[in-house]
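**Q** Each residue of the sequence shown is one higher than the last, beginning at 3 in the working numbering.
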Amino acid sequence: MIKKKALILISLVFTAVFSLSAFAASGVYDDAGLFYDTEVTTLQMELDDLCSQTGWDAAVVTTDDAVGVSSTVYADDFYDNLGFGDDGILYLLDMDNREIYISTAGEAAEYLTDSRIDNMLDSAVEYASNGSYYDAMYTQITMTVDYYNAGIPVDSSAAAAKITVLVAAVLIGVIAAVSAVFSVKKSYGFKDTGYVYEYSSKSRLNLTTNTDSLINSFVTTRIRPRPKNNSGGRSGRSGGSSMHTSSSGRSHGGGGRSF
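1. Exposed or buried, which one is S244 when buried takes at least 16 other CB atoms within 10 Å?
2. Under DSSP, the alpha helix (DSSP H) around T144 begins and ends at which residues?
3. Mapping DSSP to helix, strand and coil, what is G57?
4. Identify whether V30 lies in helix, strand or coil by the three-state DSSP scheme.
5. Given G255, which residues of its chain have a CB within under 6 Å of its CB, disregarding the five upstream and five downstream residues?
6. Could you check if N231 is buried or exposed, using at least 16 other CB atoms within 10 Å of its CB as the buried criterion?
7. In the DSSP output, which residue or residues are listed as bridge partners for L92?
8. Roughly how far, in whole angstroms, is the beta-carbon of D79 from the beta-carbon of S249, given that I think they are within contact range, below 8 Å?
9. By the 10 Å Cβ neighbour count, where 16 or more other Cβ atoms means buried, how is A1 classified, buried or exposed?
10. Report all residues from its chain with a CB closer than 7 Å to the CB of A163; omit the five preceding and five following residues, and keep chain order.
11. The alpha helix (DSSP H) spanning S117 covers which residue range?
12. My output table needs one value for G251: the three-state DSSP class, helix, strand or coil.
13. Quick one: measure Cβ to Cβ for I102 and L84, integer angstroms, because I've assumed they're closer than 8 Å.
14. Please report the distance separating the alpha-carbon of V30 from that of I174.
15. Kindly indicate which residue of M47, R100, V69 and I119 has the alpha-carbon position closest to the one of A61.
16. Please report the Cβ distance between T258 and D116, rounded to the nearest whole angstrom; I am assuming they are in contact, meaning their Cβ atoms lie under 8 Å.
17. Have a look at N99, L49 and A68 and flag the residue whose alpha-carbon is nearest the alpha-carbon of I143.
18. What are the residues that DSSP puts in a beta bridge with T257?
Next comes the structure, spelled out in structure tokens:
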């Protein structure tokens, strides 16, 4: 009975610890005091939904004192100091530098390309410029979910190049085939068919038997080494966000916009 109670107690402790770590994986840090309590609750719910769908860590942060650093540095350092994992996102509303900044890490940088971040910032800045700070943050979170559901975008320039090469190859093949047909047709397209050679009366066929004997044969074998595979691993990635390194040495993507 005592062992059973001890196991239950240990289980509760682990559950509590897990709950605290899960709560730390997402949060609203309204240091600038821009949101109502109900807005904080709604933003937290949206962040929890984002985390459950993506598996990323996520936070909304506001500040009116960036301690003398840029929005980029503030957002990246805040993310790192929270102890967030390799995959995550932080939405910063920096009232000191008057800038909205999105900091991404890991997989989030794959989904949120530079163009997608620009779209998010366009929408957020429009709200922030009018003082609708809650709407600015809410919009970014919902757009992140939409982009996640849309999947990692394919590098459109690379895809277009492949299609162009394929179309060009097909066209060259068609042109070559048509040219060959016309060339053959022109070669055998006789116009004057008035004279016909009497091959049946003017030809003769003699058949003789010829025997060839194989005296000696030599077969030479040579080992041909296989060509070495010089193709290296994939470097970089298709699309994605422009990356930089924070003061802690972690790689971050993202972007910002003044309002």
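Backbone N, C-alpha and C define an ideal beta-carbon position, used for all residues, glycine too. In this text, all values refer to a predicted model and were calculated from it rather than measured experimentally.
**A** So, from the listed chains and residues:
1. exposed
2. Y135 to A152
3. coil
4. strand
5. T106, A111, S243 and M245
6. The predicted position of N231 is uncertain, since its pLDDT is 38 and thus under 50; no value can be drawn from it.
7. A61 and S105
8. 6 Å
9. In this structure the chain extends from 3 to 261, so residue 1 is not present and cannot be described.
10. Note that A163 scores 47 on pLDDT, short of 50, meaning its location in the model is unreliable; the coordinates nonetheless yield the value given after this. Closer than 7 Å at Cβ, skipping near neighbours: no residue.
11. D116 to S131
12. coil
13. Actually they do not touch by this definition, with Cβ atoms about 19 Å apart.
14. 59 Å
15. M47
16. Checking the sequence shown, residue 258 turns out to be Gly, not Thr. With a Cβ gap of about 12 Å, G258 and D116 do not count as contacting.
17. L49
18. What sits at residue 257 in the sequence shown is Gly, not Thr. Answer is I104, bridged to G257.
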